[in-house]
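Peer 1: Mind having a look at this structure? Questions to follow.
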Amino acid sequence: MLGKSYADIVNITNSFLTIRLPRYDIASEFFLKLTCLPYIFYMETCITYNTMLFCSVLISLNRFIAIKYPMNYQFWFSTKMMKYYFAGIFIISISIGYVVLSYEPYYQRLGEENGYFVGFKNKNVGIFTACYTLALYLPCAILAVSLNVITAFELKKYRKQLSI
Numbered sequence: 004m005l006g007k008s009y010a011d012i013v014n015i016t017n018s019f020l021t022i023r024l025p026r027y028d029i030a031s032e033f034f035l036k037l038t039c040l041p042y043i044f045y046m047e048t049c050i051t052y053n054t055m056l057f058c059s060v061l062i063s064l065n066r067f068i069a070i071k072y073p074m075n076y077q078f079w080f081s082t083k084m085m086k087y088y089f090a091g092i093f094i095i096s097i098s099i100g101y102v103v104l105s106y107e108p109y110y111q112r113l114g115e116e117n118g119y120f121v122g123f124k125n126k127n128v129g130i131f132t133a134c135y136t137l138a139l140y141l142p143c144a145i146l147a148v149s150l151n152v153i154t155a156f157e158l159k160k161y162r163k164q165l166s167i
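Put into structure tokens, the structure is as follows:
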């Protein structure tokens, strides 16, 4: 839970500094000269979005195992397993980030009065984004929702048993 909170704070701060300021044309020359900023933005975005997504899945899994298989809880959420989970999240996030960076992000002018936004020199980034969204994010979202629904039904059954 704490990892998701840190990811939220870092993501909001990064989005404000690297997206909002250039969009409102504040210090535009600064952003054009620092060509590393779009790279930092997209690497950080990949890391934080993946962290938030996988932490949501872990929270759902935590609830599911606690309700459905309480005897296995100590194994699945031991310190050793948590280290594996977060190492896996970080490796997947960095991998996606490096692939996104290969599409060469840069600041480009949105319009005469509209400031700058981050674009890509290689326009095939949309295909990659659609592929990893469908292959990774969609199954994780379905898994999290499924685990939460199963957990809710199990809790409902448990409540009925208590009220007898």
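By the working numbering, the letter at position 26 of the sequence shown is numbered 29, and the numbering carries on one by one without gaps. Cβ atoms here follow ideal geometry from the backbone N, Cα and C, with glycine treated the same way. Values in this document were obtained by computation on a predicted structure and should not be read as measured data.
Determine the extent of the alpha helix (DSSP H) in which Ala69 is found, giving its start and end residues.
Peer 2: Locating residue 69 in the sequence shown gives position 66, counting from the first residue. It spans Cys39 to Lys71 - the alpha helix (DSSP H) in which Ala69 sits, taken as one unbroken run.
Peer 1: Starting from the Cα of Tyr106, find the closest Cα among Lys36, Val13, Phe33 and Tyr45 and give me that residue.
Peer 2: To locate residue 106, count along the sequence shown from 1; it is residue 103. It is Tyr45.
Peer 1: Between Phe123 and Ala133, what straight-line distance do the alpha-carbon atoms span, to the nearest angstrom?
Peer 2: Stepping through the sequence shown from its first residue, residue 123 is reached at position 120. Stepping through the sequence shown from its first residue, residue 133 is reached at position 130. Each residue's alpha carbon lies about 15 Å from the other.
Peer 1: Hey, is Thr54's beta-carbon within less than 7 Å of any beta-carbon in chain D?
Peer 2: Considering every chain present, this structure includes no chain D. It has just one protein chain.
Peer 1: Tell me the DSSP bridge mates of Tyr119?
Peer 2: Against the sequence shown, residue 119 aligns to sequence position 116. DSSP lists Arg112 as partners of Tyr119.
Peer 1: Taking 7 Å as the threshold (C-beta atoms), are Ile92 and Trp79 in contact?
Peer 2: Taking the first residue of the sequence shown as position 1, residue 79 is located at position 76. Taking the first residue of the sequence shown as position 1, residue 92 is located at position 89. No. Outside cutoff.
Peer 1: Inspect the beta-carbon positions of Val60 and Leu165 and report whether they are closer than 7 Å.
Peer 2: Walking along the sequence shown from the start, residue 60 turns up at place 57. Walking along the sequence shown from the start, residue 165 turns up at place 162. No, the Cβ-Cβ distance between Val60 and Leu165 is not below 7 Å.
Peer 1: Is the beta carbon of Ser96 sitting closer than 7 Å to the one on Cys39?
Peer 2: Against the sequence shown, residue 96 aligns to sequence position 93. Against the sequence shown, residue 39 aligns to sequence position 36. No, Cβ-Cβ distance for Ser96 and Cys39 is not below 7 Å.
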